[in-house]
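Protein chains in written order, with our numbering: chain A, 1 to 358; chain B, 1001 to 1358.
Down below is the structure, laid out as structure tokens.
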DNA sequence: AGTTGATCTTAATACGTATTAATAACTCCG
DNA sequence: CGGAGTTATTAATACGTATTAAGATCAACT
């Protein structure tokens, strides 16, 4: 009766032995597949009883091996540190990813060891650790294109948070619609009478920057304003931005409004704060300022910058959903989606000064 | 050359085919077992090259089934929602766990997927999905003891964040030293001349509450004060706490100071705020108040409550470290560790009122 | 009685890996 | 040249589950 197969955890074989049936039958009863209701009620009861007596719980590893799916979604960042800090620019993305992932029955794997290692590469040690997960959400500004390309080549399922393009392969992404948001910002300024709008862009040609520039041009076109190439300026280091600098643009080029890409650190906002502190230029009386994105963190934003804001949490959710759609075969081609940014009124733009003295 | 076995994720068989060896050889090279150095250098290189080209990573489930580890640490919470929100009481624990986990070269698996209904369960669906990880950090207030016991029984490696005891088995935990912290708070109050200190405790006999009560008694003993059992009161719902209530205690029992366990939601602090708003009792002039723990952080802490604060981030780190020690065999017996709380001066305690009217 | 069906159960297999025992190839040496 | 010893590789197997195809049993109907 009570044969002692007490070695480790009870398995379906143990149950089978005890109930006098085969392992297959046990599996049918336990996991209740399609053919499950063909099992006679008496045997079903016997199996369940035996399972209960032995305290059986199914082995996840075996199930997932069999099911060819780990039900794990990965998150990897190209940033130097994993965005668990609430003030991190990327943190809200993570929150969104987690939310959708959990809701869809997957667990979330944070590839933070890879991130924190000295040799921080997806392929550290020659292996693609991301493959542990069924698929992966990637994020971060300074992407390693070679690694992205490698992932595409071995067609590992992933979704990038932010638009990224590769010369050869296509990849899936969920992006913020920088083009429309920037364009709208320009037309809003134009509506306030601004005609000389300076656009300070990042120096690298990353997609987010390219999109903003495209939006800038599009907005000017919509507003019927000419594009003055000299009003598009690259800013290597936002710390460069000083009151003198700005006065120069206002006096020399007749600039009345400035669009700036915020950085993910505090350099830009500190620079702006510094300028405001000098009181040589008043925002928005002397010059309107709008940020093309979110300033870092939700620090006490004393000056309430006029800006647009990325739906970061929703982008995270959408990325997870998209990835799971890919994994479960509801989609296959690379997917692209752009989400609208929201406009934050703020108080740093106003009507254009009516021409004026320096 | 480039045969197209492009189906899903590459396996050792795929590598073997490509490198012209057997699967066994691949396994030897990859996982580097004991016999691993018998492999000829040339074949080793061939295998590694093939693996790199295919972007191979060992299948977690298969390794787990085989009884192997994957450098994966899990986190599971008994709370209804995973603490990714920065304002969540449990959030700092998560940050600490992530930090230490990454630093020690492990990746972090968040078991956030909620399979079915309201009550979270480790064994939902008759599976212990935690086992896909090497070990797990558990947290949450309303623990399911039966599941904890089951985990102990199947000796799955885990560490609880907070002291938890089970009738039968032993488990490892990292806790806050509530006893000492509460005791110190009592002696501090005694130093201010308080002799009648009311202790409002949670109604359930959970370990954190038991520890605080022990600390209360110990503190009184240290201060040479008698324990009046009627000054130990259970508070079912913190919302019960009203000005009338408190006045009653002050007038009838000569209470001059109150110790309260904060809840993880805002009920307690709102109740206190409400009392302060009535202006019928002034803190600390009429009565000193000290919190035995951290109030929830989704309130701007206008009144700066005197309290002690748990080293939550450090507790998280310590839990991860402890778990990894267990996994890597540096420890085996269940480990217990208590970390000191820090004292937050605040402004809600003061000298005892010199006896008094009404 | 033999064919067909219906109902229940099980043998066989695959999932991907790690390991043990066995084989093959090669060297050494009398 | 044949046996012993060494070295490099592989066949076979186990881990625990889910599923498919096949088998067994019995009832019903021609």
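Glycine included, each C-beta is placed from N, C-alpha and C at the ideal position.
Beta-carbon spacing of residue i, residue j below 8 Å
i                       : j                       : result
residue 129 of chain A  : residue 1057 of chain B : yes
residue 29 of chain A   : residue 36 of chain A   : yes
residue 363 of chain A  : residue 220 of chain A  : The question about residue 363 of chain A has no answer, for chain A in this structure spans 1 to 358.
residue 1148 of chain B : residue 1164 of chain B : yes
residue 1184 of chain B : residue 1343 of chain B : yes
residue 212 of chain A  : residue 264 of chain A  : no
residue 1137 of chain B : residue 1333 of chain B : no
residue 1047 of chain B : residue 1019 of chain B : yes
residue 1202 of chain B : residue 1235 of chain B : yes
residue 307 of chain A  : residue 100 of chain A  : no
residue 1209 of chain B : residue 1140 of chain B : no
residue 387 of chain A  : residue 1082 of chain B : Any property of residue 387 of chain A remains undetermined from this structure, which presents chain A solely from 1 to 358.
residue 1084 of chain B : residue 95 of chain A   : yes
residue 336 of chain A  : residue 172 of chain A  : yes
residue 1086 of chain B : residue 86 of chain A   : yes
Beta-carbon separation (whole angstroms), residue i vs residue j, contact threshold 8 Å
i                       : j                       : result
residue 311 of chain A  : residue 287 of chain A  : Actually they are not in contact, since the Cβ atoms of residue 311 of chain A and residue 287 of chain A sit about 29 Å apart, beyond 8 Å.
residue 289 of chain A  : residue 243 of chain A  : Going by Cβ atoms, the distance from residue 289 of chain A to residue 243 of chain A rounds to 13 Å, so no, they are not a contact pair.
residue 238 of chain A  : residue 277 of chain A  : Residue 238 of chain A to residue 277 of chain A, Cβ: 16 Å. No contact.
residue 284 of chain A  : residue 193 of chain A  : Actually they do not touch by this definition, with Cβ atoms about 12 Å apart.
residue 324 of chain A  : residue 104 of chain A  : 5 Å
residue 1316 of chain B : residue 1092 of chain B : 7 Å
residue 1061 of chain B : residue 65 of chain A   : 4 Å
residue 223 of chain A  : residue 190 of chain A  : 4 Å
residue 9 of chain A    : residue 1154 of chain B : 6 Å
residue 177 of chain A  : residue 339 of chain A  : 6 Å
residue 1135 of chain B : residue 1167 of chain B : Going by Cβ atoms, the distance from residue 1135 of chain B to residue 1167 of chain B rounds to 23 Å, so no, they are not a contact pair.
residue 181 of chain A  : residue 125 of chain A  : Residue 181 of chain A to residue 125 of chain A, Cβ: 41 Å. No contact.
residue 1043 of chain B : residue 1021 of chain B : 6 Å
residue 266 of chain A  : residue 296 of chain A  : 5 Å
residue 305 of chain A  : residue 354 of chain A  : In fact, because the Cβ distance is near 24 Å, the residues do not count as touching under 8 Å.
Residue span of the beta strand (DSSP E) that contains residue i, given as start and end
i                       : result
residue 40 of chain A   : Per DSSP, residue 40 of chain A belongs to no beta strand (DSSP E) and is neither H nor E.
residue 343 of chain A  : 342–344
residue 218 of chain A  : Unbroken run through residue 218 of chain A is the alpha helix (DSSP H), 207–223; no beta strand (DSSP E).
residue 1180 of chain B : Note, residue 1180 of chain B: premise wrong, no beta strand (DSSP E); alpha helix (DSSP H) at 1178–1191.
residue 116 of chain A  : Premise fails: residue 116 of chain A lies in the alpha helix (DSSP H), 112–116, not in any beta strand (DSSP E).
residue 1252 of chain B : Segment 1243–1253 is the alpha helix (DSSP H) holding residue 1252 of chain B; no beta strand (DSSP E) there.
residue 1288 of chain B : 1288–1291
residue 1202 of chain B : 1197–1202
residue 309 of chain A  : 306–309
residue 1349 of chain B : Per DSSP, residue 1349 of chain B belongs to no beta strand (DSSP E) and is neither H nor E.
residue 233 of chain A  : 232–235
residue 257 of chain A  : 257–260
residue 130 of chain A  : Unbroken run through residue 130 of chain A: none, as it is neither H nor E.
Unbroken alpha helix (DSSP H) run spanning residue i, endpoints
i                       : result
residue 966 of chain B  : Residue coverage of chain B in this structure runs from 1001 to 1358, which leaves residue 966 of chain B outside it and unanswerable.
residue 137 of chain A  : Per DSSP, residue 137 of chain A belongs to no alpha helix (DSSP H); it is in the beta strand (DSSP E), 135–139.
residue 1077 of chain B : First-last for residue 1077 of chain B: 1072–1077, but that is the beta strand (DSSP E), not the alpha helix (DSSP H).
residue 91 of chain A   : 91–103
residue 312 of chain A  : 312–327
residue 151 of chain A  : 145–153
residue 413 of chain A  : Because chain A spans 1 through 358 in this model, residue 413 of chain A falls outside it and cannot be assessed.
residue 1166 of chain B : Here residue 1166 of chain B belongs to no alpha helix (DSSP H), and DSSP marks it neither H nor E.
Next on the checklist: Any C-beta of chain B within less than 8 Å: which residues of the stretch 56–80 of chain A qualify?
Outcome noted: Within the stretch 56–80 of chain A, the qualifying residues are 56, 57, 58, 59, 60, 61, 62, 63, 64, 65, 68, 70, 71, 72.
Next on the checklist: Please identify, using Cβ separations under 8 Å, the residues of the stretch 108–140 of chain A that lie next to chain B, in order along the chain.
Outcome noted: 108, 109, 110, 111, 112, 113, 114, 115, 116, 117, 123, 126, 127, 128, 129, 130, 131, 132
Checklist entry - Any contact of the stretch 104–115 of chain A with the stretch 1097–1112 of chain B, i.e. 3+ C-beta pairs under 8 Å? => result yes
Item to check | Short-range partners of chain A found in the stretch 1172–1198 of chain B, where Cβ spacing is below 8 Å | outcome: none
Next on the checklist: Along the stretch 1302–1331 of chain B, where does the CB come closer than 9 Å to a CB of chain A? Name the residues.
Outcome noted: Taking 9 Å as the Cβ-Cβ cut-off against chain A, none of the residues of the stretch 1302–1331 of chain B qualify.
Checklist entry - Three or more C-beta pairs closer than 8 Å, one from the stretch 1063–1073 of chain B and one from the stretch 1045–1052 of chain B: is that the case here? => result no
Item to check | Residues from the stretch 1143–1167 of chain B in contact with chain A, defined by Cβ distance under 8 Å | outcome: 1150, 1153, 1154
Item to check | At least three beta-carbon pairs within less than 8 Å, the stretch 192–200 of chain A to the stretch 227–241 of chain A | outcome: Verdict: yes, contact present.
Item to check | Residues in the stretch 90–108 of chain A having any Cβ partner in chain B nearer than 9 Å | outcome: 91, 94, 95, 98, 99, 101, 102, 103, 104, 105, 106, 107, 108
Next on the checklist: So if I threshold CB-CB distances at 8 Å, which residues from the stretch 1038–1053 of chain B count as touching chain A?
Outcome noted: 1048, 1051, 1052
Next on the checklist: Short of 9 Å Cβ to Cβ, which residues in the stretch 10–34 of chain A face chain B?
Outcome noted: 30, 31
Next on the checklist: Tell me which residues of the stretch 249–264 of chain A have at least one Cβ-Cβ distance to chain B shorter than 9 Å, keeping chain order.
Outcome noted: none
Item to check | Residues of the stretch 1333–1357 of chain B with Cβ closer than 7 Å to any Cβ of chain A, in chain order | outcome: none
Next on the checklist: Tell me which residues of the stretch 1219–1247 of chain B have at least one Cβ-Cβ distance to chain A shorter than 9 Å, keeping chain order.
Outcome noted: none
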